[in-house]
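In UniProt numbering, the protein residues as written are 1 to 413.
Here it is, written out as structure tokens:
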């Protein structure tokens, strides 16, 4: 396996390899392996200052390793307050830093994700109904990011570190089941391995198949999405010839939320006049006889913006202009759209569900204003009739490890 890693990395022999190094065993092994095989490396580290002296000790270890190897070392400090989902905020900040550094020399970014990480990612995406793109998981190479350890297990990395007498740091937060990924790592996957000892191998085979399928879909749909962006329309014949998988990839390339995809497919079943509200860069998709027309915001007044913010805890006082949800109970992406006949919501404090039309009627909304009422929904459920009713399906409760605040913003601001 280690020979395969070396063969894979040889294509980057003449580039600077920016190694994301946390100080944990995985990235310490990656730095050692590349240095031992005389690659030109530059160690990168992010200090979030979340664990006090422990965070500083991680940084000092990576700095020491860089000095021992006589290679460059760069660190980025995150000193702003990180509210809500720390792991997601950290990931965004980290990748932005890595990209910024690699662009300076047209280098590549090497990350130490391994087969155990891939298995966790697969099941998390499966649980979230992420479709083929999600089940394709992490590729060995995408743009300037490379992951040479995806075929190695965590145990193999530990063994390499021990054999080479490497020093690394352990982050105790990785043992906390507060985070969903840690639950998969520490509880769910070990339980499955008792029944399926070769689980990791099986997942690797499946991921490889999904990656091949995803590559074909991307290649096939790229000219179709390019046509939509250029002309603003697609023939009804071309649209109806797409398989569901091709239509989903087109939807993804058009940068639309997965939660609206079922309604996009419904356009196949309707005749002229049917439309759906969508997200930037389009605002509406209309079935216009021979064409599916993608309307841009220059052609139509924008809906308010849906603002989703991770927060650490619920407020003491609630406002009717915002809603707090548990993201782990949300199916796919949240979207904002106009209500439609037949929409239903299961409101807090009400047994069963209600028609949104009845909610609007009970609120005594004037007839002329009723069509302007908005709902926030995912792929399956309406969670909020804006400013009128909140659904109970995913409502956040005290003690939830993850909470998101949902509110609207005037698109002109």
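Beta carbons are placed, not taken as given, at the ideal position from N, Cα and C, and that holds for glycine.
No experiment lies behind these values; they were computed from the predicted model shown.
Proximity winner among the options, relative to residue i (alpha-carbon distances)
{"i": "residue 400", "options": "179, 175, 151", "result": "179"}
{"i": "residue 402", "options": "90, 133, 326, 200", "result": "326"}
{"i": "residue 143", "options": "253, 108, 260, 409", "result": "108"}
{"i": "residue 259", "options": "166, 122, 336", "result": "336"}
{"i": "residue 75", "options": "56, 392, 68", "result": "56"}
{"i": "residue 282", "options": "226, 296, 250", "result": "296"}
{"i": "residue 213", "options": "170, 58, 136, 278", "result": "136"}
{"i": "residue 407", "options": "329, 371, 363, 319", "result": "319"}
{"i": "residue 115", "options": "88, 374, 377, 153", "result": "153"}
{"i": "residue 210", "options": "111, 13, 125, 42", "result": "125"}
{"i": "residue 362", "options": "185, 342, 389", "result": "389"}
{"i": "residue 53", "options": "171, 255, 11, 165", "result": "171"}
{"i": "residue 230", "options": "208, 254, 306, 275", "result": "254"}
{"i": "residue 111", "options": "191, 284, 33, 287", "result": "33"}
{"i": "residue 87", "options": "394, 174, 345", "result": "174"}
{"i": "residue 100", "options": "44, 309, 166, 201", "result": "44"}
{"i": "residue 228", "options": "307, 286, 103, 366", "result": "286"}
{"i": "residue 383", "options": "373, 395, 372", "result": "395"}
{"i": "residue 305", "options": "329, 334, 291", "result": "334"}
Simplified DSSP assignment, three categories, for residue i
{"i": "residue 54", "result": "helix"}
{"i": "residue 75", "result": "strand"}
{"i": "residue 15", "result": "coil"}
{"i": "residue 299", "result": "At residue 299, the pLDDT of 48 sits below 50, so the modelled position is not reliable; the number obtained from the coordinates is stated separately. If DSSP states are grouped into helix, strand and coil, residue 299 belongs with the helices."}
{"i": "residue 354", "result": "strand"}
{"i": "residue 154", "result": "helix"}
{"i": "residue 412", "result": "Caution applies to residue 412, whose pLDDT of 49 falls short of 50 and renders its modelled position unreliable; the model cannot decide the point."}
{"i": "residue 188", "result": "helix"}
{"i": "residue 398", "result": "coil"}
{"i": "residue 42", "result": "strand"}
{"i": "residue 6", "result": "helix"}
{"i": "residue 113", "result": "coil"}
{"i": "residue 105", "result": "coil"}
{"i": "residue 47", "result": "strand"}
{"i": "residue 407", "result": "strand"}
{"i": "residue 294", "result": "strand"}
{"i": "residue 360", "result": "helix"}
{"i": "residue 179", "result": "coil"}
{"i": "residue 280", "result": "coil"}
{"i": "residue 37", "result": "coil"}
{"i": "residue 145", "result": "strand"}
{"i": "residue 140", "result": "coil"}
{"i": "residue 382", "result": "strand"}
{"i": "residue 170", "result": "coil"}
{"i": "residue 390", "result": "strand"}
Whole-number beta carbon distance between residue j and residue i, since they are thought to touch under 8 Å
{"i": "residue 98", "j": "residue 78", "result": "The pair is not a contact, with the Cβ atoms about 14 Å apart (cut-off 8 Å)."}
{"i": "residue 48", "j": "residue 96", "result": "Residue 48 to residue 96, Cβ: 14 Å. No contact."}
{"i": "residue 35", "j": "residue 69", "result": "5 Å"}
{"i": "residue 339", "j": "residue 293", "result": "Contact flag wrong, Cβ pair sits at about 22 Å."}
{"i": "residue 188", "j": "residue 29", "result": "Rounded, the Cβ-Cβ distance is 25 Å, inconsistent with contact."}
{"i": "residue 250", "j": "residue 278", "result": "So it is not a contact: roughly 13 Å between Cβ atoms."}
{"i": "residue 118", "j": "residue 203", "result": "7 Å"}
{"i": "residue 150", "j": "residue 113", "result": "6 Å"}
{"i": "residue 17", "j": "residue 40", "result": "7 Å"}
{"i": "residue 391", "j": "residue 345", "result": "5 Å"}
{"i": "residue 120", "j": "residue 168", "result": "Wrong, their Cβ atoms sit about 20 Å apart, outside the cutoff."}
Cβ of residue i within 8 Å of any chain D Cβ
{"i": "residue 254", "result": "Here there is only one protein chain, and chain D is not present."}
With three or more C-beta pairs closer than 8 Å as the rule, is the stretch 58–67 touching the stretch 23–38? yes
Does the stretch 232–245 come close enough to the stretch 262–280 to have 3 or more Cβ pairs within less than 8 Å? yes
Does the pairing of the stretch 308–323 with the stretch 356–369 give three or more beta-carbon distances under 8 Å? Cβ pair count under 8 Å is below three, so no.
Starting from the N-terminal side, write out each stretch of the alpha helix (DSSP H) that is 4 residues or longer and does not extend beyond the stretch 216–269. 236–241, 244–253, 261–266
Complete beta strand (DSSP E) runs within the stretch 306–352 (minimum length 3 residues, chain order): 322–325, 335–338
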